[in-house]
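Below is one structure; the comments refer to it alone.
Residue numbers (the working numbering), protein chains in the order written: chain A, 1 to 448; chain B, 449 to 508.
Written out as structure tokens, the structure is:
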């Protein structure tokens with residue numbers, strides 16, 4: 001583990017001893033009173049500080065003053081205190097504390113805090129993942145992925161939603177890489193197996209457990225011990241398998257097929273589905289209790305058609321180190337308005353096709369040759385997402401959003417011609433302008 | 449019953465001392481012999497403080 005410079009403000013001798021023991025692997029500096037603390041904070045260089053608030057029997061939360069000084073110096077301040085009134089907690093956070101823990105469970109709390117701190121620092125200092133491992137220039141997608149990364153070093157299960165080909169597996173891998181978990185990233189696409197095969201893949205089997213089991217094989221659950229189990233297309237799993245998986249998640253142990261000896265595995269679950277989980281539950285395709293177990297934090301990835309700004313950086317990424325392509329203005333515009341039903345995966349295939357072509361300069365005709373049936377493909381990919389939006393914001397808002405997107409797109413395809421757009425969509429002038437106004441768009445369908 | 453300010457402070461100190469004692473007890477088994485001796489002295493002092501606080505709480 002990385003060695004940190006840690007500061008501890010604690011007046012109680014026994015508590016000092018406890019903290020020193022838990023921080024033995026790091027460079028730790030202790031202070032027992034405010035004056036010494038302020039002096040040390042001023043002179044020292046610390047990564048993280050643990051602060052008690054009441055320093056002595058008649059003290060009035062003077063530890064808060066040390067937090068303010070430490071936060072100003074960029075120290076990550078964590079309060080470990082027996083004071084738990086809302087007022088004190090609010091004051092500590094307002095002065096710059098980043099975390100607040102009740103005293104008494106240092107054994108697990110301190111190691112959790114340090115692990116999270118190290119992983120978050122690694123995530124922040126890592127090469128820009130949005131330009132390498134998870135290419136996106138879309139501010140909304142960047143913000144969502146950055147938010148998800150904050151949960152990477154926790155035990156919380158993560159559910160990744162999004163249409164096929166939007167990068168759910170890549171994101172899951174990145175989350176694992178930033179989790180600090182020592183085990184492997186083990187991925188399985190649940191839709192690729194029949195129920196029996198999926199059970200054998202997940203739980204493993206003993207030699208002779210079934211016809212064809214010529215040798216004992218470790219399952220994915222065991223392979224993911226102390227690591228991450230990524231369950232792609234979890235919504236396709238049978239209810240029977242969901243029940244078995246739920247049991248394994250809850251008990252952290254399971255029986256491989258044909259074995260009477262239980263195996264233990266501590267894995268963190270990241271799962272993904274292209275369907276709306278609430279809808280799956282309503283249709284009886286997903287167990288509610290399993291859903292509860294796998295959706296600690298949920299991130300939704302937008303289809304590529306809703307982040308056209310990603311097309312250019314993705315094209316650049318896919319052709320890096322190989323044949324570079326150049327696109328005419330019309331070709332670019334066409335690609336940006338294309339529905340990309342297969343999302344990033346389709347764009348990759350499309351780039352491969354172009355890279356093998358005769359010309360390095362790509363015009364509209366070359367693009368159109370490979371991208372056909374663009375209108376027909378857009379709607380199904382957004383179905384689940386729109387439903388989720390309606391559940392979150394109401395049906396009226398969802399209908400407004402859809403109307404706005406259709407108008408916006410039609411305007412773009414008509415080169416901004418409003419009359420043509422209204423005629424194409426068979427809508428009144430009033431509906432046209434009121435929809436744009438509701439969505440904060442100007443009369444050309446652009447964001448104001 | 450509403451705590452007087454004094455009993456509130458006493459309860460805070462009591463929670464704090466008890467928490468330290470609990471954390472120290474969890475660590476104790478992994479300490480070396482010399483550390484155990486030092487730890488035990490500190491734990492005894494904390495226990496005496498707790499007794500004192502309980503007596504004060506009784507009077508408050």
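Here a beta-carbon is modelled for each residue, glycine too, at the ideal position from N, C-alpha and C.
The structure presented is a predicted model; accordingly, all values stated were derived computationally and were not measured.
What residues in its chain sit with their C-beta under 8 Å from that of residue 467 of chain B, if we drop five residues either side in the sequence? none
Please specify which runs of the alpha helix (DSSP H), each continuous and at least 4 residues long, are wholly inside the region 17 to 96 of chain A, giving them in chain order. 34 to 43, 63 to 72 and 86 to 95
Alpha carbon to alpha carbon, how far is residue 494 of chain B from residue 469 of chain B? 7 Å
Going residue by residue through the region 278 to 303 of chain A, where are the continuous beta strand (DSSP E) segments of at least 3 residues, counting only ones entirely within it? 297 to 300
Starting from the Cα of residue 304 of chain A, find the closest Cα among A:340, A:175 and A:135 and give me that residue. A:340
Contact defined as beta carbons within less than 8 Å: I believe residue 419 of chain A pairs with residue 411 of chain A. What is the distance between those atoms, to the nearest angstrom? In fact, because the Cβ distance is near 11 Å, the residues do not count as touching under 8 Å.
Could you tell me whether the region 364 to 373 of chain A touches the region 385 to 399 of chain A, where touching means 3 or more Cβ pairs closer than 8 Å? no
DSSP three-state call for residue 492 of chain B: helix, strand or coil? helix
In chain A, which residues lie with their C-beta within 8 Å of the C-beta of residue 470 of chain B? 104
Proximity test, Cβ basis, 8 Å: residue 377 of chain A and chain B: Because the pLDDT of residue 377 of chain A is 40, which lies under 50, any placement of that residue in the model is unreliable, and the question is left without a value.
If we count the other Cβ atoms within 10 Å of its Cβ and call it buried at 16 or more, is residue 109 of chain A buried or exposed? buried
For residue 309 of chain A, count neighbouring C-beta atoms within 10 Å of its own C-beta (all shown protein chains included) and say buried if the count is 16 or more, exposed if not. With fewer than 16 Cβ atoms within 10 Å of its Cβ, residue 309 of chain A is classed as exposed.
Are the region 185 to 205 of chain A and the region 310 to 322 of chain A in contact at 8 Å, needing three or more beta carbon pairs? no
Integer Cβ distance of residue 89 of chain A from residue 99 of chain A, believed to fall under 8 Å: About 11 Å separates the two Cβ atoms, so there is no contact after all.
Rounded C-alpha distance that separates residue 433 of chain A from residue 313 of chain A: 34 Å
For a test of the three-state rule: what should DSSP assign to residue 218 of chain A, helix, strand or coil? strand
Looking only at its chain, what residues have a beta carbon closer than 6 Å to the beta carbon of residue 229 of chain A, apart from the 5 residues adjacent to it on each side? Here the set comprises 186, 267 and 269.
Any chain B beta carbon closer than 8 Å to residue 265 of chain A: No, its Cβ sits nowhere closer than 8 Å to a Cβ of chain B.
Contacts around residue 506 of chain B, its chain only, beta-carbon distance under 8 Å, and the 5 residues preceding and following it disregarded: none
Chain B residues whose Cβ lies nearer than 9 Å to that of residue 54 of chain A: 457, 460, 461 and 464
Does any residue of chain A bring its CB to less than 8 Å from the CB of residue 502 of chain B? no
Grouping DSSP H, G and I as helix and E and B as strand, with all else coil, what is residue 9 of chain A? strand
In terms of residues, what are the limits of the beta strand (DSSP E) holding residue 343 of chain A? Looking at the DSSP string, residue 343 of chain A is not in any beta strand (DSSP E); the run it does join, the alpha helix (DSSP H), is 343 to 355.
Where DSSP assigns a beta bridge to residue 327 of chain A, which residues make up the other side? A:362
Which residues of the region 12 to 23 of chain A have a Cβ closer than 7 Å to any Cβ of chain B? Give them in chain order. 12, 13, 14, 15, 17, 18 and 21
When the Cα atoms are used, what is the spatial distance from residue 360 of chain A to residue 350 of chain A? 14 Å
Secondary structure, alpha helix (DSSP H): runs of 4+ residues fully inside the region 141 to 184 of chain A: 168 to 177
Say whether chain B places a C-beta atom closer than 8 Å to the C-beta of residue 308 of chain A. no
Indicate whether at least one CB of chain B lies closer than 8 Å to the CB of residue 62 of chain A. no
For chain A, check one thing: does any of its Cβ atoms lie closer than 8 Å to the Cβ of residue 494 of chain B? yes
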